[in-house]
Every structure is written in C-alpha cells, then in structure tokens.
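Before any comments, here is the structure.
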Amino acid sequence: MNKKIGKITLKSILVLLAIPIALLVIIFIIYYGMISHNGKLIETSLEPFDSVFKAPDSFYVLDATKWKREETIKSPIFTLCEEITIIERDSKLVKQITEILNNKDFKSITHNEYERSEANPNKEVHFWLASSADTNDVSKNYYPFEVIIWKDKTLYLFTSKGKEQRYLKSSITDDELKFIEELYNKRYEEEHTDYYSYNS
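This is the structure:
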C-alpha cells in the first residue's frame, strides 16, 4: 500500500515539475525569437537590417479605407477582401514600390510588435500590400512579403530569407503615399468596374 502511495506521489511530483519546465522552455523560445514555421525552426533576428529587397512579380494592394463591412479586414491575399483588393502586375510600378521600400531606414522589431500592427486594421490601416515568390528564390533573396501602412504613415514590413524572418518598422512620406494611392485607384477602377459602379 505504501509503495503504491509512493508511486502516486512520485508521479504527482514529476507532473508538477514538468509544468514549470515546459513553461520555461516556451518562454525561452519566445525570448530568443524562435518560432515554428512549416515544421522548421525559423529565427527572428533583431539585428540591423541593411539588405536589399528583390522586386516580386506583383503586389496585392488593399485600401482599408474602402472597407464597409463589420468583419475584420484580413490580408489582401484572402478572398474576403477581394472587392477592395487590386493586383499590380506592371513590372515598372512593382519595381517603384520596391525602390520606395529599399530607400527606407528600417528598425527591427519583434514578431509580437508586428502582430500588434495588424491587430485593429479596420481603424488603423490605410494600405495593406502582399506579395509572393518562388520557394527556391526565397532562400537567396529578401522579398517584401507583407507591407502594412497605417493611417498615420507608419510602415510595417515582413520579409524572410532562408530560415530567417525579419519584422521591420519605418514610415512613409506624403509623396510615397500619394504614389500608392494613385496606383491603387487607377487599377481599382479597371479591375472593379462593376462593383465600383454599383456602389457609387
């Protein structure tokens, strides 16, 4: 009987010890900016970012000020927001957007701070841009996968190369914002003629 009680007590102690150990492991992983992505361990670096972005083939661009629904705005890659999203494929314009980003002085931020930048998009976000790239090319080059421009012109950017993810913060000028607005409005009327006419 005593042996049985002893075994139960030992198991209880081991369980109690396992919980704080597991929490410490999780905190350790978060602290060093390591997150799991597609089964691989990806490192989030906070080192100064001095690399150059490669221009993607296209940009999805969403103007959050056109959103009229109660649902929360999502990235332009989601069909939920397709009625306010355009796809810019003109290589010259895509390169111009990329050049704007390459001329920025970025501050490296944590994944948590970046997540906060998209926590309340209905009120804070003006433009939301997204792009993609070939998997093999991503291992060699940084692409501007996601760009979030707030109404106060704060700019957040997500990029990655190989096993490294970077979350960056900067700001955008009035002229740069105007360029994106004009690009968006022109393409919006071309791509959403029916929707635009119906809601005008």
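Residue numbers for the sequence shown follow the working numbering, beginning at 123 and rising by one. Just so it is clear, CB atoms sit at the ideal spot from N, CA and C, and this is done for glycine as well.
Taking the alpha carbon of residue i as the point to measure from, which residue in the options has its own alpha carbon closest?
i: I206; options: L215, V216 and I195; result: I195
i: N388; options: Q287, D256, T187 and I209; result: Beyond the ends of the chain as shown, which are 123 and 322, falls residue 388; an answer cannot be given.
i: S253; options: N224, P178, D296 and N307; result: P178
i: T281; options: I231, K217 and W272; result: I231
i: D256; options: S197, K176, T131 and T295; result: K176
i: H248; options: T131, S197 and V260; result: S197
i: E240; options: K273, L299 and F171; result: K273
i: V174; options: N224, E204 and L215; result: N224
i: F301; options: T220, D259, N244 and R238; result: T220
i: C339; options: V216, Q218, N244 and F171; result: There is no way to answer for residue 339, as the model of the chain reaches only from 123 to 322.
i: L305; options: E169, R238, V260 and K217; result: K217
i: K214; options: T201, F181, K190 and D185; result: F181
So, at 6 Å on beta carbons, what are the nonlocal neighbours of residue i in its own chain, with the 5 sequence-adjacent residues on each side left out?
i: K283; result: Y264
i: V269; result: L251 and L279
i: S292; result: K226, F228 and L277
i: E298; result: I222
Once DSSP output is grouped into helix, strand and coil, what is the label at residue i?
i: F249; result: strand
i: I199; result: coil
i: V174; result: coil
i: K217; result: helix
i: E313; result: helix
i: T131; result: helix
i: K226; result: coil
i: L163; result: Because the pLDDT of L163 is 45, which lies under 50, any placement of that residue in the model is unreliable, and the number read from its coordinates should be weighed accordingly. Residue state, collapsed to three classes: strand.
i: K190; result: coil
i: E204; result: helix
i: N242; result: coil
Using a Cβ-Cβ cut-off of 8 Å (strictly less than) and excluding sequence neighbours within five positions of residue i, which residues of its own chain qualify?
i: R309; result: V183, I208, I209 and E210
i: Y289; result: T166, S230, I231, T232, H233, E235, Y236, Y278, L279 and F280
In chain order, what residues of the same chain lie with their CB nearer than 7 Å to the CB of residue i, ignoring the 5 residues before and after it?
i: E313; result: I208
i: I294; result: I271, K275 and L277
i: E192; result: none
i: F171; result: F228, S230, R288 and L290
Let me check you understand the geometry: is the CB of residue i closer than 8 Å to at least one non-hydrogen atom of the ligand NAD?
i: N225; result: Judged by which ligands are present, the structure shown has none, so any question about the ligand NAD falls away.
Could you pull the start and end residues of the alpha helix (DSSP H) that residue i belongs to?
i: E235; result: H233 to S239
Under 9 Å between C-beta atoms, does residue i make it to chain D?
i: F267; result: In summary, chain D is missing from the structure at hand, where a single protein chain is found.
With residue i as the anchor, note down where its beta strand (DSSP E) starts and where it stops.
i: D185; result: F181 to D185
i: T207; result: T207 to E210
Could you name each continuous beta strand (DSSP E) segment of 3 residues or more that falls completely within the region 248-304, going from the start of the chain to the end? 268-272, 276-283 and 286-293
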